[in-house]
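Everything on this sheet refers to the single structure shown next.
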Amino acid sequence: MTWEIQRGNGVPLYLQVSENLKQRILNGEWQPGDNLPAEPDLCEAFGVARGTIRQALSKLESEGYVRRERGRGTFVIWGGEHARAPGLPGSQIGFVVPYVRDSFVSTILLGAERAAAEHGLSILFKHVENDPLRQNEVLAMLVAQRLAGVVLYPVDSVHADSTAHLIRSGYPVVLVDRYLRGLHSDYVMSDHFGGGLRATQHLIQLGHERIAFISWRDPSVSLEHRAAGFQRALVEAGLPYDPALTCEVEGYPTVASDAIAEFLTEHPEATAIFAANDQIALGAYQAARQLGRRIPHDLALVGFDNLDFTMHLDVPLTTVAQPAAEIGQQAVKALVRRINGQADDWQQIILPTRLVIRRSCGAYLRTDVPASPDGVSLPR
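The sequence shown maps to residues 1488 to 1867 in our numbering.
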């Protein structure tokens, strides 16, 4: 066998060997309990010295993928040692998020901590800088530390190889905000579709027929469900869905308002915006200011998330509120049930959202639509 690695690219050979072997484990080429090829065979396969192989195997062992036994060889443990007997093996669980930049994540964490304390658990918190590879590394580290389980807010809904392997192995994982495509799992999320539907219906009720939808370039089911709710509201109202009135912008680390301003300049017919989240809505505020368009008189605006800053803007933002604290609480409760063997089937919990009406949608300019500057909450 021969496995190629790149020489002269600046990446140490042992790291390349380690990553190659890790991917083979995650892809199922070796199952839990399998013995990896002997060190001399690996040296021949990669064309490297024995010291390089030992460095690579040592790294895999520290990350929880293999166990090395003197005189016997190197065995895959990623998955096998995690399908353990029900019950809490320790007093700590992990909480992994893609980033920490707004009140949504911190409020989920507060809810999770409250529920964890009720079960005598503490939380080890990690963020992965919106990097799928970093997410894999953090999960491996937490598993190697023998944590009882993990609550995971995934970077997206597609980079799921290691997470899928972990869940299939029986290790307790509960996802929040989004699930992973093609994978059965426990998850807790908001009714993103219903929230998007209600937000768009509200703009239609206010008389808008040319409504723009702005989202992130983010392959997550949560944003896709909001987009689906937007489209359904248009169809039910007998309005055409115009793909030209949709815009995608980069969402990390910040939303570029220039891209939104360019989009609005190209589509002056849009009288309202449904922003897929409040960060995008903030970018829309800045873009409207650049173009001299007044919110809500020239451009109505609705966001999603109800982040802390939304009520303190010059024109407070109408938005869809997610029950962030309850998401955290329910995720930990689901994790504990999974750890204790009390979940007979997949726990897939969808929590209701509510529309908070403030001034940015322009409802206060209409006498036939109930609203107040402090916000009117309408459950969905």
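Glycine is no exception: its CB is placed at the ideal position from the N, C-alpha and C atoms.
Since the model is a prediction, treat every value here as computed from it, not as a measurement.
Delimiting residues of the alpha helix (DSSP H) encompassing residue i
i	result
L1596	1590 to 1605
D1796	Here residue 1796 turns out to be Phe, not Asp, going by the sequence shown. From DSSP, F1796 is part of no alpha helix (DSSP H); its letter is neither H nor E.
P1771	For the sequence presented, residue 1771 should be read as Ala rather than Pro. A1771 -> alpha helix (DSSP H) spans 1765 to 1778.
A1759	Here A1759 belongs to no alpha helix (DSSP H); instead the beta strand (DSSP E) covers 1759 to 1762.
L1639	L1639 -> not in any alpha helix (DSSP H); beta strand (DSSP E) instead, spanning 1637 to 1639.
Under 9 Å between C-beta atoms of residue i and residue j
i	j	result
L1597	V1584	no
L1667	A1686	no
V1819	L1626	no
L1684	V1660	no
L1523	L1508	yes
P1783	G1849	yes
A1647	E1550	no
V1587	P1619	no
Which of helix, strand or coil DSSP assigns to residue i
i	result
T1733	strand
R1704	coil
Y1674	strand
G1849	coil
Q1829	coil
G1520	coil
G1495	coil
V1802	coil
Q1692	helix
E1556	strand
R1541	helix
R1697	coil
I1747	helix
I1580	strand
Q1835	strand
V1563	strand
Classification of residue i by the beta-carbon crowding that lies within 10 angstroms, buried from 16 upward
i	result
G1574	Only weak support is given to the placement of G1574: the predicted model assigns it a pLDDT of 49, under 50, and the question is left unresolved by the model.
S1847	buried
P1740	exposed
H1679	buried
Q1510	exposed
S1649	buried
R1557	exposed
G1716	buried
T1752	exposed
E1711	buried
L1672	At residue 1672 the sequence reads Ser, which differs from the Leu that was named. Per the 10 Å Cβ criterion, buried.
Q1829	exposed
F1761	buried
L1852	exposed
Residue i to residue j span [Cα, whole Å]
i	j	result
R1537	C1530	6 Å
I1701	L1544	46 Å
L1611	G1636	11 Å
N1827	E1491	44 Å
E1756	F1750	11 Å
V1592	L1778	32 Å
H1799	F1562	56 Å
D1801	N1623	41 Å
A1599	F1582	9 Å
V1498	F1533	15 Å
L1766	Q1518	The question names Leu, but residue 1766 in the sequence shown is Gln. Roughly 43 Å separates the two Cα atoms.
S1709	T1806	16 Å
C-beta neighbour in chain C for residue i, strict 9 Å
i	result
P1803	Of the chains in the structure shown, none is chain C; there is only one protein chain.
Delimiting residues of the beta strand (DSSP E) encompassing residue i
i	result
T1806	1805 to 1808
V1630	Element bounds for V1630: not the beta strand (DSSP E) but the alpha helix (DSSP H), 1619 to 1631.
V1436	Lying before the first or after the last residue shown, residue 1436 is absent from the chain, which here runs from 1488 to 1867.
S1609	1609 to 1614
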